[in-house]
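Right, one structure below, let's go through it.
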Amino acid sequence: MNARRTPFFFLALLLLLLFNCNNASKAYGQDFQNLLNNNAEWYYEIKPFIGCLPCVVGFQHIKAVRDTLINNQVCVILEKSNSGDIDICDNMGTTLEYLYADEQKVYWFNEHLDDFTILYDFAAETGGSWEIQVLDCTLLVTVDSTSTIIINSQERKILYISDENNFFTGGVIEGIGHTRNMFPSDFFYNCQGVACDSDFIDGLRCYLENEVILYKPAIADCDEVYPVSIKEINFSFDWKICPNPVTNSFSFSCNNGLFQKNEVDFIITNLLGEIVLTGTINIQDTINVSSLMSGFYIVTVQEKKNSIIFYSKFLKLN
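FYI, the numbering for the sequence shown is 1059 to 1376, going by my numbering.
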């Protein structure tokens, strides 16, 4: 009896192996449901911002939790949570995001439009582009170059994308996502025309499947939380940027009378960390940023001895 069943057993085993091999060769950008099947998790670093006393570097945890049906489309629910219940603007007002994939495109649900928009297009090649609908605004991203990376014995495509104002510029790994912030939250607030001063997401720490780390570009542990020395970031003074958002120029408001310095140095960088403007001013002076393109920037104010006394993100409008 066992001998008669042996051919069927080997046939079933062969079919199972072929099925598994076919699925193993498919990148998750092509079959996004695997994120749910493999208990996918992401850890992004959260860096401290204005008024951080104490200043703590934390993380955002994103996990594929279940599937659901939206507009007759089966999609995966991603749940976001922040270490220490940190309230960050990058959450964009929600702890849940909804994604699905069709072939090599990953779609993201735009609740404002009640429709899905392309988040990543892994079919795109160098020079190609796609549009991401965020709220009722459109972000055009262009593929500057591509490469591949081997993760868990699987070759995955990397897109190096950019946009005009660097809202979502960076690398995107097939089946994992953006290496700076999974979602274009900076453009989200640009579309609203508001600046958001809070702790902010700045880089992928880890990607896991079934609690196994498959990709870890960061030095910090996935769920590490650690303080930043007050000597490194000294927020002894209550500073603000006025106005914010900025059209042509801004000034600093310092509400702490203990600050006696007349001259300070400032450095303005874009979100890639590139320096776009520097100078030395009196604290009563204004800084002219009319030459900058619209987008988010970070201004750092420091004393002559290079000790940081203030830094803030601001939004430049045309």
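Virtual Cβ for every residue (Gly too), placed ideally from N, Cα, C.
Counterpart residues of residue i in DSSP-defined beta bridges
{"i": "ASP1260", "result": "Paired residues: none, contrary to the question."}
{"i": "THR1227", "result": "Per DSSP, none; premise fails for THR1227."}
{"i": "ALA1159", "result": "VAL1164"}
{"i": "ILE1299", "result": "PHE1310"}
{"i": "HIS1389", "result": "Outside the modelled stretch of the chain, which goes from 1059 to 1376, sits residue 1389, for which no answer is possible."}
{"i": "LEU1266", "result": "GLU1099 and ILE1271"}
{"i": "SER1203", "result": "TYR1218"}
{"i": "PHE1372", "result": "TYR1355"}
{"i": "PRO1285", "result": "VAL1114"}
{"i": "ILE1209", "result": "GLN1212"}
{"i": "CYS1147", "result": "In the DSSP output, where bridge partners are listed per residue, CYS1147 has none listed."}
{"i": "THR1196", "result": "GLN1191"}
{"i": "ILE1104", "result": "GLY1116 and ILE1259"}
{"i": "LEU1154", "result": "GLU1137"}
With 16 other Cβ atoms within 10 Å as the buried cut-off, status of residue i
{"i": "PRO1285", "result": "exposed"}
{"i": "PRO1242", "result": "buried"}
{"i": "VAL1344", "result": "One detail in the question is off: residue 1344 reads as Thr in this sequence, not Val. Its Cβ having fewer than 16 others within 10 Å, THR1344 is exposed."}
{"i": "THR1338", "result": "exposed"}
{"i": "THR1196", "result": "exposed"}
{"i": "LEU1198", "result": "exposed"}
{"i": "ILE1333", "result": "exposed"}
{"i": "ILE1259", "result": "buried"}
{"i": "THR1184", "result": "exposed"}
{"i": "SER1187", "result": "exposed"}
{"i": "LEU1058", "result": "No information on residue 1058 is available, as it lies outside the stretch 1059 to 1376 that the chain covers here."}
{"i": "ASN1223", "result": "buried"}
{"i": "SER1370", "result": "buried"}
{"i": "ILE1104", "result": "buried"}
{"i": "ALA1182", "result": "buried"}
{"i": "THR1206", "result": "exposed"}
{"i": "THR1227", "result": "buried"}
{"i": "ILE1288", "result": "Reliability of the predicted coordinates at ILE1288 is poor, the pLDDT of 42 falling under 50, and the value obtained from them is presented with this limitation in mind. Per the 10 Å Cβ criterion, exposed."}
Range covered by the beta strand (DSSP E) that runs through residue i
{"i": "GLN1360", "result": "1353-1360"}
{"i": "ASP1125", "result": "1113-1128"}
{"i": "GLN1191", "result": "1187-1192"}
{"i": "ASP1323", "result": "1321-1328"}
{"i": "GLU1213", "result": "1212-1220"}
{"i": "PHE1174", "result": "1173-1179"}
{"i": "ASN1340", "result": "1333-1340"}
{"i": "ASN1346", "result": "1344-1346"}
Neighbourhood of residue i by C-beta distance below 8 angstroms, restricted to the same chain and skipping five residues each side
{"i": "GLY1142", "result": "VAL1114, GLY1116 and VAL1283"}
{"i": "ASP1281", "result": "TYR1101, PHE1117, HIS1119 and SER1141"}
{"i": "ASN1080", "result": "Unreliable placement is indicated for ASN1080, whose pLDDT of 39 sits below 50; the coordinate value is still reported in the next sentence. Around ASN1080: no qualifying Cβ."}
{"i": "LEU1375", "result": "GLY1251, PRO1303, VAL1304, THR1305 and SER1352"}
{"i": "PHE1225", "result": "LEU1197, PRO1242, ASP1244, PHE1245, ASN1248, LEU1329, GLY1353 and PHE1354"}
{"i": "PHE1308", "result": "ILE1299, CYS1300, PRO1301, ASN1302, THR1344, ILE1345, VAL1347 and PHE1372"}
{"i": "ASN1129", "result": "ASP1172, ASP1173 and PHE1174"}
{"i": "PHE1067", "result": "Unreliable positioning characterises PHE1067 in this predicted model, as indicated by a pLDDT of 42, which lies under 50. The coordinate reading is nonetheless provided below. For PHE1067, where only same-chain residues beyond five positions count, there are no Cβ hits under 8 angstroms."}
{"i": "LEU1350", "result": "ILE1326, VAL1334, LEU1335 and LYS1374"}
Own chain residues within Cβ distance below 6 angstroms of residue i, not counting five before or after
{"i": "ALA1098", "result": "ALA1122 and GLU1267"}
{"i": "GLY1229", "result": "ILE1216, TYR1218 and THR1237"}
{"i": "GLY1315", "result": "Bear in mind that the predicted position of GLY1315 carries a pLDDT of just 44, short of 50, making it too unreliable to give a figure here."}
{"i": "MET1150", "result": "SER1243 and PHE1246"}
{"i": "LEU1193", "result": "HIS1170 and CYS1249"}
{"i": "LYS1274", "result": "CYS1264"}
{"i": "ALA1276", "result": "ARG1263"}
{"i": "ASP1202", "result": "TYR1218 and SER1220"}
{"i": "PHE1180", "result": "GLY1087, GLN1162, LYS1215 and GLU1232"}
Contact test: residue i Cβ vs the ligand MG heavy atom, cutoff 6 angstroms
{"i": "GLY1186", "result": "The model depicted lacks the ligand MG and carries no ligand whatsoever."}
Limits of the alpha helix (DSSP H) - the one that residue i falls within
{"i": "ASN1140", "result": "Unbroken run through ASN1140 is the beta strand (DSSP E), 1131-1140; no alpha helix (DSSP H)."}
{"i": "GLN1250", "result": "1243-1250"}
Cβ-based neighbour list, residue i, same chain, cut-off 7 angstroms, excluding 5 preceding and 5 following
{"i": "LEU1272", "result": "ILE1209, ASN1210, TYR1265 and LEU1266"}
{"i": "ASN1239", "result": "TYR1102, ASP1148 and ILE1259"}
{"i": "THR1327", "result": "ILE1333, VAL1334, TYR1355 and ILE1356"}
{"i": "ILE1231", "result": "ILE1207, ARG1214, ILE1216 and THR1237"}
ask   = Do three or more CB pairs link the segment 1164-1171 to the segment 1267-1283 at distances below 8 angstroms?
value = Not touching, per the Cβ criterion.
ask   = Below 8 angstroms, can you find three or more Cβ-Cβ pairs linking the segment 1127-1138 to the segment 1147-1158?
value = Touching, yes, given that three or more Cβ pairs across the two stretches are closer than 8 angstroms.
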